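Residue numbers (my numbering): 15 to 666. Just so you know, even glycine gets a beta-carbon here, dropped at the ideal spot from N, CA and C. These figures come from a predicted structure and were not determined experimentally.
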Amino acid sequence: MASTAPYGSWKSPIAADLITQKTIGVAEVHVDPVTNDIYHGESRPSEGGRVAIVNTKARQDVFGPDWNARSGVHEYGGSAFAVRDGVIYFTDFKTKRLYAIKNNTPEAVSPDNQNHRFGDLDIHPSHSHLVLSILEDHTKPAPEDVVNTLLVLNTQTQSLTTIAQGADFYSTGRFSPDGTKVSWIQWHHPDMPWEGSELVVAEFDASSVSVSNTSVIAGKPGAESINEAFWASNKTLVYLTDKSGFYNPWKYDVESRSHSSILPKPAEKDYAEPAWLLGASRWTALDESTLLVSPATNGDASLGLLRIDSGEFIEIKSPYVNVGAVHGVTSTSAVFVGVTDDTPAALIKITLPNPISPVSGSIGNAVFETLKETSSAASTISKALFPKHQSIALEIPGSGAPLHVLYFPPTNPNYSGGKDSELPPCVLNIHGGPTSRVAPGLSWTATYFTSRGWAWVDVNYGGSSGYGREYRERLRGNWGVVDVNDSVTAVQQLSARGLIDGKRVAIRGGSAGGYTVLAAVVAHPLAFTVATSSYGISDLAMLASDTHKFESRYLEKLIGGTLKEVPEIYRERSPVFHANKIRAPLLILQGSIDAVVPPGQAEAIVKQIKERDGKVEYVLFEGEGHGWRKAENIKRALETEERWYAEVFGLS
């Protein structure tokens with residue numbers, strides 16, 4: 015029989031050990047276009063966070079334990095390997111070189127140069143020794159001196175041939191199916207790729223490894239962003255553009271040089287996420303006329319088929335609330351990474367009925383097969399412990415515009431509630447980016463807390479993705495203001511609805527979310543009871559002068575000018591200069607080798623708080639960068655955070 019106990023003190027079978035020792039991540043997915051074999055990159059916390067390439071069906075690693083298929087391009091990486099006709103190329107994180115896998119043994123195919131970083135690979139369809147790649151050259155390591163180009167690597171001679179240069183960044187280089195054309199996306203400072211980028215097409219000559227008739231065909235710096243472009247056929251290039259206000263699908267006919275929207279009319283749906291990682295894929299071609307897509311409406315994703323010629327959308331009924339890494343296998347099948355409310359992310363194969371016969375505009379008989387689970391712990395845990403998310407649109411005071419949050423109630427079948435009329439304490443989670451979002455679906459970290467009697471709230475504050483460009487640009491010039499105010503609003507309105515105890519709120523976040531945490535406890539000292547900042551920013555001026563190339567101009571848009579132009583705003587919004595206002599006990603978690611937010615950011619605010627005898631705890635994770643990859647550190651961070659909250663709230 016279910017009993018009552020104070021919220022936050024419930025006993026839970028979900029331990030940190032269970033999560034960290036039995037969990038992996040699917041870093042990326044690729045399908046061999048010739049053999050249809052599926053491969054995935056598997057991030058393994060138990061092996062120091064390295065990424066192994068796995069033949070999914072055979073369940074076999076393609077190389078030994080000394081290799082790590084990760085790219086360092088843009089620091090965040092992505093798309094570290096490619097496969098075609100059984101040939102696999104990958105970039106190794108330690109050596110920085112490109113390798114070909116032959117007989118399960120990697121052989122170097124690029125020059126030995128520790129200053130070179132490769133990523134976003136594509137193999138030529140008829141000359142498999144030619145590999146298209148981004149090259150990020152750190153010979154001169156200062157952000158303003160790092161050079162990004164798009165090149166073709168001849169893996170037989172280890173020669174590098176640049177085919178595009180001059181832009182600050184490149185991504186999504188793709189050969190057409192016949193190999194005679196190539197496309198890519200490029201953008202320039204001070205834009206991030208979701209603020210303004212360009213789609214480029216050129217003719218490609220494999221014999222001379224050269225391009226000609228290069229032309230920018232879509233996109234506009236500062237105004238229109240292009241995302242996830244690929245060839246549906248030799249004549250049709252499909253891409254996503256946000257010129258309507260949402261990432262919607264368009265097509266380009268290379269023969270007539272004409273563009274047209276695939277949809278009959280613009281849709282208030284985002285078909286893509288901001289391009290933080292290379293190679294992200296929310297849609298794919300099943301054949302020359304049909305796309306498998308996963309648009310997000312108000313942040314919640316769905317699956318569907320989209321006809322390229324007519325724009326007809328056919329919904330696919332599925333249990334998945336978020337979808338990514340979508341890749342076609344055959345004309346009636348594809349793979350993707352999907353998550354539901356009661357199953358963690360998994361690599362899924364979808365097989366469609368043949369012929370497709372939609373009923374009332376939807377397909378209800380698609381078959382979903384789990385190819386790889388990311389957690390073996392899920393099968394040992396009762397699904398009754400997993401909270402079902404509620405997507406809630408709150409109101410921004412004064413404007414009535416929506417503020418999007420995800421609410422997860424305390425959930426444990428052994429408990430019926432708290433004591434008397436008690437409301438649950440709340441963990442308010444602030445995502446990083448800041449141009450990102452928290453998607454719905456089972457989160458082990460959230461479940462760790464909800465199963466102990468906490469309410470968990472993800473705040474997709476103004477500036478978050480998945481809700482269109484206008485919502486995303488609410489943060490423009492207002493970072494440290496809009497995100498902070500939205501976090502306070504979330505607490506106030508959820509408390510007024512009786513969903514949380516507004517006087518017992520732990521605010522937490524990492525990276526940009528860590529900055530929002532610090533800014534929030536400065537600006538609203540009494541709004542939050544306790545706080546955790548993981549690799550968060552305390553000094554905006556320090557960040558502007560000590561970060562990597564990809565984000566080196568990001569602050570100009572977020573703050574509203576350069577450090578030289580508006581130094582007073584940088585100082586005003588830097589928590590380190592207002593640490594005397596902080597009242598909430600503060601936990602600071604930091605990686606020792608973080609190149610995105612260096613340890614100096616954490617150490618500066620810890621010093622300020624200690625000098626005024628404030629309550630602060632600082633934990634430095636040796637050998638960790640921007641986020642925790644090692645199992646022992648994931649466990650330690652989670653247990654330290656829970657212990658910190660329990661101490662402050664007096665929970666046992």
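The DSSP-derived three-state label of I395 is coil.
Under DSSP, R58 forms a beta bridge with R64. Contact between the region 498–506 and the region 525–541 is present, with at least three C-beta pairs closer than 8 Å. When beta bridges are read from the DSSP output, V633 appears opposite L603. Check the Cα spacing between P411 and each of T449, S371, S345 and V505: the tightest is with V505. Assignment of beta strand (DSSP E) within the region 329–356, counting only whole runs of 3 or more residues, yields 336–344 and 347–353 in chain order. The three-state reading of DSSP puts T561 in coil, since its state is none of H, G, I, E or B. Within the region 572–623, the runs of alpha helix (DSSP H) at least 4 residues long that lie entirely inside it are, in chain order, 581–586. Cβ neighbours of S566 within its own chain (closer than 6 Å, five residues either side excluded): P157. Taking the CA atoms as reference points, S465 sits about 22 Å from N336. In the structure shown, the three-state DSSP call for G641 is strand. When rounded, the separation of the alpha-carbon atoms in S85 and R64 is 11 Å. Unbroken alpha helix (DSSP H) stretches of 4 residues or longer found wholly inside the region 493–577: 496–510, 526–537 and 554–559, given in chain order.
For the pair Y113 and T163, the Cα-to-Cα distance works out to about 19 Å. For E212, the enclosing beta strand (DSSP E) stretches over residues E212 to D219. Note on geometry: alpha-carbon atoms of L277 and A310 lie some 15 Å from one another. Taking 8 Å as the cut-off, the beta carbon of E287 is found no closer than this to the beta carbon of K257. Take the alpha-carbon of P612 and the one of D560: they are about 8 Å apart. Excluding its 5 nearest sequence neighbours in each direction, E653 has C-beta neighbours in its own chain below 6 Å: A30, listed in chain order.
DSSP places L291 in the coil class of the three-state scheme, outside both helix and strand. Between the region 423–440 and the region 359–375 there are fewer than three C-beta pairs closer than 8 Å, too few to call the two in contact.
Inside the region 358–409, DSSP marks whole beta strand (DSSP E) runs of 3 or more residues at positions 360–365, 381–387 and 404–409, from first to last along the chain. Per DSSP, the beta bridge partners of P120 are I115. The beta carbons of L319 and L305 sit closer together than 8 Å. By a beta-carbon distance limit of 8 Å, E582 does not contact P204. Their separation comes to about 20 Å. As a beta-bridge residue in DSSP terms, G39 pairs with S57.
Assignment of Y462 by DSSP, reduced to helix, strand and coil, places it in the helix class.
Cα atoms of S222 and V610: separation of roughly 39 Å, rounded to the nearest angstrom.
It is roughly 11 Å from the alpha-carbon of I231 to the alpha-carbon of L251. Sequence-distant Cβ neighbours of Q507 in its own chain, meaning closer than 6 Å and more than five residues away, are L408. For E484, the enclosing alpha helix (DSSP H) has its first and last residue at R483 to R486.
In this structure, the alpha-carbon of T37 lies about 43 Å from that of A220.
Y529 and T425 have their C-alpha atoms spaced approximately 29 Å apart. Scanning H273, P191, V215 and V544 for the CA closest to the CA of Q200 turns up V215.
Note on S430: under 16 other CB atoms within 10 angstroms of its CB, so exposed under the neighbour-count rule. About 20 Å separates the beta carbon of T153 from that of V166, a gap too long to meet the 8 Å contact definition.
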